[in-house]
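One structure is given here, and the rest of the page talks about it.
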Amino acid sequence: MSERNVASWNTIISCLGQSGRDREALELFDEMQKQGFEPDEVTVVSLLPACARLGAVDAGQQIESYAESSRLLKDFISVGNAVIDFYCKSGDMEASMRKFRDMPRKNVVSFNTMITGMAFNGKDRLGVELFEEMATEGVIPNDATFVGVLTCCSHAGMVDRARELFASMSTDYQIEPKLEHYGCMVDLLGRSGCVREASDLIRKMPMKPNAALWGSVLSACRTHGDMELAELTVKELINLEPWNSGNYVLLSNLYAEVGRWNEVEKLRIQMRGRCVHKVPGYSAVG
179 MSERNVASWN TIISCLGQSG RDREALELFD EMQKQGFEPD EVTVVSLLPA
229 CARLGAVDAG QQIESYAESS RLLKDFISVG NAVIDFYCKS GDMEASMRKF
279 RDMPRKNVVS FNTMITGMAF NGKDRLGVEL FEEMATEGVI PNDATFVGVL
329 TCCSHAGMVD RARELFASMS TDYQIEPKLE HYGCMVDLLG RSGCVREASD
379 LIRKMPMKPN AALWGSVLSA CRTHGDMELA ELTVKELINL EPWNSGNYVL
429 LSNLYAEVGR WNEVEKLRIQ MRGRCVHKVP GYSAVG
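Convert by adding 178 to the 1-based position in the sequence shown; the result is the number in the numbering used here.
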């Protein structure tokens, strides 16, 4: 290009980051400054995620310092959100919370970033408390907020609070739960031993469940010793993925564990009838 401006630099930096070429994005940022171009809020928002992915904490902090000295941090919520996201993904929740508290204005993305960061950094109860704080700040949660706070509840074993929050989505906020929200609840109920409730919740879903949901119930069934529900769950997996030999093997192994060899033989016949081939190395189905 014969003439470059900040927007053209930002475009290339952003494209590099989105295509996983984070180190090149940082190198281009250095070149941009050497050529006398002043980074703006778009530059900062594009670069901080790249720093987090690289684990380049020093580089991220230098970019944050620039954003602070140039007033970008105070003038643009998007920059503040990028900073707290950077610290969350770097595992420094103290710094993230400090920057969050310092933000002069916050929006739903600010809260979502912190709540999700809490969920993935072992600060689950703080994430739930932060959700409660949204109301006092006048910030209305969205569907992403509930994915974050339900994940916090799941990790913290807060079953009753999760039930309340899940119900409040449609009653208080007119948000119809999506597959991700059901996934959070199924994971929570399974972890807590409420495997029957988890199974019932999947059956009542307005959308078609995926294999991951039933797989979560199956794992919980085996952890908590509910072999009857485990059998029903694997049958659901077979109905959902009749081509997947692994599901037949799971059911066959369940039958083998309790000596139901006639059922094992029926499964072999069923697999042959459906032209399903066993993956080498699996047991029980021969």
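Where is the CB? At the ideal position from N, CA and C, for every residue including glycine. If you're wondering where the values come from, they're calculated on a predicted model, not measured in any experiment.
Determine the burial state of A297: buried for a count of at least 16 other Cβ atoms within 10 Å of its Cβ, exposed for fewer. If you number the sequence shown from 1, residue 297 lands on position 119. So A297 ends up on the buried side.
Three-state secondary structure (DSSP) at E219? Here residue 219 is taken as the residue at index 41 of the sequence shown, counted from 1. In the structure shown, the three-state DSSP call for E219 is helix.
Simplified DSSP assignment, three categories, for M449: One-based indexing of the sequence shown puts residue 449 at position 271. Three-state DSSP puts M449 in a helix.
Grouping DSSP H, G and I as helix and E and B as strand, with all else coil, what is M363? Here the question's residue 363 lines up with position 185 in the sequence shown. M363 falls in the helix class under three-state DSSP.
Using alpha carbons as the reference points, say which of I241, F289, V327 and N417 lies closest to D211. Working through the sequence shown from its first residue, we reach residue 211 at position 33. For the sequence presented, residue 211 should be read as Gln rather than Asp. For the residues I241, F289, V327 and N417, the minimum Cα distance to Q211 belongs to I241.
Pick from D365, R341, K413 and A390 that is closest to H333, judged by C-alpha positions: Taking the first residue of the sequence shown as position 1, residue 333 is located at position 155. Cα-wise, what sits closest to H333 is D365.
Roughly how many whole angstroms lie between the Cα atoms of L226 and V436? Start at 1 with the first residue of the sequence shown, and residue 226 comes out as number 48. Start at 1 with the first residue of the sequence shown, and residue 436 comes out as number 258. Using only the alpha carbons, I get a separation of about 54 Å.
Taking only the alpha-carbon atoms, compute the straight-line gap between G295 and V412 and give it to the nearest angstrom. Residue 295 sits at position 117 when you count from the first residue of the sequence shown. Residue 412 sits at position 234 when you count from the first residue of the sequence shown. Spanning the two alpha carbons is a distance of roughly 34 Å.
Can you tell which of E315, L304 and S348 has its C-alpha closest to the C-alpha of T329? Counting from one through the sequence shown, the residue named residue 329 turns up at place 151. With distances taken between Cα atoms, T329 lies closest to L304.
Tell me the start and end of each unbroken alpha helix (DSSP H) in the region 198 to 254 that is at least 4 residues and wholly inside, in chain order. 200 to 212, 219 to 232, 235 to 247 and 250 to 253
Write down the C-beta distance between M336 and V306 rounded to the nearest angstrom, noting that I regard them as a contact closer than 8 Å. As a working note, residue 336 is residue 158 in the sequence shown. As a working note, residue 306 is residue 128 in the sequence shown. With 8 Å as the limit, M336 and V306 qualify as a contact, their Cβ atoms being about 7 Å apart.
How far does the alpha helix (DSSP H) with R400 in it reach, from first residue to last? Position 222 of the sequence shown, counted from the first residue, corresponds to residue 400. Looking at the DSSP string, the run of the alpha helix (DSSP H) that includes R400 is A389 to H402.
Using only CA atoms, which one of E358, A345, E216 and L410 lies nearest to V373? Taking the first residue of the sequence shown as position 1, residue 373 is located at position 195. Measuring from the Cα of V373, the nearest candidate turns out to be L410.
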